[in-house]
Amino acid sequence: MGLFGTYIRAEGGAHRRFKTEPIRACILSSLLLASVSISYVSSDTTEPAIQSDRTASSTTRTLIGDVTQDDDGSGLPHMGCKGLLDDKIPPQKKLVGADYYAKNVVLMDAGGYSPAEAKGKTSAVCKDGKAAGYPCNNVNLLSMLDLNELNVSLLEPDGGKATDEASDIWGWTDEKSKREFAIIGLQFGTAFVEITNPYKPVYLGALLTSGDPDRDSLDFNESTWWRDIKTYKNYALVVSEYSNHGMQIFDLTTLLTATPATRFKQTARYNKFGDAHNVFVNEDTAYAYAVGSDTCDGGLHFVDLKDPAKPKNRGCYSQDGYTHDVQCVIYAGPDQDFVGRELCFASNEDTITIVDVSDKQEPTQLSRSTYNHGYTHQGWLTEDHAYFIFDDEMDEFTKNVPTQTYVLDVRNISTPVLVGAHTGRTGAVDHNLYVVGDLVYQANYQAGFNVLQMQDLSTATFVEGGYFEVFPDGSGNNFNGAWSNY
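Here the numbering used here is used: the first residue of the sequence shown is 1, the next is one more, and so on.
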């Protein structure tokens, strides 16, 4: 659980979208839109799922959110979040824009940054290792919104205070107009930002949390501000660890005619669980999977989305207990015994557990892989479904090792093999990662946004293609910085 949002767009306007395109988060202190330019490294051992000119530069745009904040973590089932709560650090101020430039004019001029010459008020080109005040490599900053800006529509009518906590980030593109939107989880609701013009993001407003909206009654000993969002068709699905939250459903087409700073109303609410840590949507099967909820022993809670505004409960998988995160796919990998089956790859605190959920009445555990773990947190399949790349949220912290990115060979679903781990450039804790083609987009807390390119997955070999540090004061094994990316 952490936060950092990365929204991927191909330069030139074409949207590179996949059926199970990802994003996650935990506490967000700002939202960034960045461009990522990776020069590909030739490899004879791994063919990319997306064909490209191997000598050319591939450029995408990315939304980034960063973590701060604190609190007592009593009662949390996930140790990484407890560590994050113990890191009591105030929100980071913007290190870009006119105000920042005015205070650092000599330094900024020396580095070649001038807001007057930038394409947007908070944009900056990565030059000589810096984008304005942010350390970087091959990643340009296009725009940024902080939590004060994201919380505007959630403030009480008689005045209120924006909180320092945020959570997940996801995205949605309207198929007809091709307008693009970022969706950000906050402590008291969910914010929506139009990013069709990445240099001029438009804050459209926010959806107030369900559950008890009385802020004065919130118990901060509970992880009430964790919120996770996914989309299905034109709907956003929002879960939270806020008591009695359920799953909010919001019709995203409302954004197409919204005026800035609107307080939106939910379209519907699913109430077959109260709180949940996360939710995943398999668009191919029209099912949502809530995990870490107060049902199903914290395992997979099945939700039928065939009518998204009227979702239905279709059962549970609870055999392996608490699931922290999950990816479910129609399997199309090399193991012919399971091709065409719906399989879920669950990060279950100390294992990667693979479950066949094709029959919702009789889900079947296919394998359960463990390792010398700290806290098995989250992962993503390669596009050929041959490998599962995952992170452990506690190993860097408890073992004092550099960032470890693990690779599980799942070419044989019944007997997966851990082939190794890639050692990163810093000692930062890794949080959420997602795979697009042969690139792995990582949110690594204090080290920020990191991009790895696959070289030889059979030996867990990657090269670093770029990075953008959202927490410039350090890249240690604390729980401040980037939580997720889309």
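Beta carbons are placed, not taken as given, at the ideal position from N, Cα and C, and that holds for glycine.
Notebook entry, point to check: Between residue 114 and residue 404, what straight-line distance do the alpha-carbon atoms span, to the nearest angstrom?
Noted result: 37 Å
Notebook entry, point to check: Is residue 410 near residue 333, with beta carbons less than 8 Å apart?
Noted result: yes
Next item on the list: Out of 276, 258, 203, 262, state which residue places its alpha-carbon closest to the alpha-carbon of residue 237.
Entry: 276
Note to self: By the three-class DSSP mapping on this structure, what secondary structure does residue 147 have?
What the structure shows: helix
Notebook entry, point to check: Contact check, residue 142 vs residue 199 under 8 Å by CB: the rounded distance?
Noted result: 6 Å
Check: Does the beta-carbon of residue 190 have 16 or more other beta-carbons within 10 angstroms, so that it is buried, or is it exposed?
Finding: buried
Next item on the list: Return the residue from the list 393, 266, 188, 105 that minimises the CA-CA distance to residue 156.
Entry: 188
Notebook entry, point to check: Taking the Cβ atom as the reference point for each residue, do residue 391 and residue 379 lie within a distance shorter than 8 Å?
Noted result: yes
Item checked: Span of the alpha helix (DSSP H) around residue 396 -> 395-399
Check: Span of the beta strand (DSSP E) holding residue 406?
Finding: 404-409
Next item on the list: Whole angstroms is fine: what's the gap from residue 421's alpha carbon to residue 107's?
Entry: 39 Å
Note to self: At the level of alpha carbons, what is the spacing between residue 294 and residue 283?
What the structure shows: 24 Å
Check: Which residue comes first and which comes last in the alpha helix (DSSP H) that contains residue 98?
Finding: 98-103
Item checked: Best match in 274, 395, 230 for proximity to residue 372 [C-alpha to C-alpha] -> 395
Notebook entry, point to check: When you compare only the Cα positions, how much space is there between residue 377 and residue 431?
Noted result: 7 Å
Checklist line | Distance, residue 426 Cα to residue 485 Cα | finding: 19 Å
Note to self: Just to confirm before moving on: does the CB-CB distance between residue 487 and residue 317 stay below 8 Å?
What the structure shows: The question about residue 487 has no answer, for the chain in this structure spans 1 to 486.
Notebook entry, point to check: Just the Cα atoms here: how many angstroms apart are residue 147 and residue 364?
Noted result: 43 Å
Check: Going along the chain, which residues of its own chain have a beta-carbon closer than 7 Å to the beta-carbon of residue 370, five neighbours each way excluded?
Finding: 350, 351
Note to self: Tell me which residues share the same chain as residue 163 and place their Cβ nearer than 6 Å to its Cβ, disregarding the 5 neighbours each side in the sequence.
What the structure shows: 187
Checklist line | Sheet register partners of residue 477 (DSSP bridge) | finding: None, per the DSSP bridge assignment.
Note to self: If distances are taken between C-alpha atoms only, which option among 239, 192, 464, 33 comes closest to residue 455?
What the structure shows: 464
Margin query: Please state the DSSP three-state secondary structure of residue 309.
Written below: coil
Check: Between which two residues does the beta strand (DSSP E) containing residue 136 stretch?
Finding: 134-137
Next item on the list: For the beta strand (DSSP E) holding residue 336, just list the boundary residues, first then last.
Entry: Counting along the chain, residue 336 falls outside any beta strand (DSSP E), and DSSP gives it neither H nor E.
Check: Below 8 Å between beta carbons: does that hold for residue 480 and residue 442?
Finding: no
Next item on the list: Drop a sphere of 10 angstroms on the beta-carbon of residue 51, count the other beta-carbons inside from all chains shown, and report buried for 16 or more, exposed for fewer.
Entry: With a pLDDT of 24 at residue 51, under the threshold of 50, the modelled position of that residue is not reliable, and no figure is offered here.
Check: Going by DSSP, what residues sit across from residue 346 in a beta bridge?
Finding: 326, 353
Next item on the list: Starting from residue 240, follow the beta strand (DSSP E) in both directions and report where the run begins and ends.
Entry: 235-240
Check: Between which two residues does the beta strand (DSSP E) harbouring residue 282 extend?
Finding: 278-282
Item checked: Extent of the continuous beta strand (DSSP E) run through residue 420 -> 417-423
Note to self: Applying the 10 Å Cβ sphere with the 16-neighbour rule, what's the burial state of residue 382?
What the structure shows: buried
Margin query: Just to confirm the assignment, what range does the beta strand (DSSP E) spanning residue 179 have?
Written below: Taken as a continuous stretch (DSSP letters only), residue 179 belongs to no beta strand (DSSP E), as it is neither H nor E.
Item checked: Helix, strand or coil at residue 152 according to DSSP, with G and I counted as helix -> helix
Next item on the list: Taking 8 Å as the cut-off, decide whether the C-beta atoms of residue 185 and residue 249 are in contact.
Entry: no
Next item on the list: Let me know if residue 336 comes out buried or exposed under the rule of 16 or more other beta-carbons within 10 Å of its beta-carbon.
Entry: exposed
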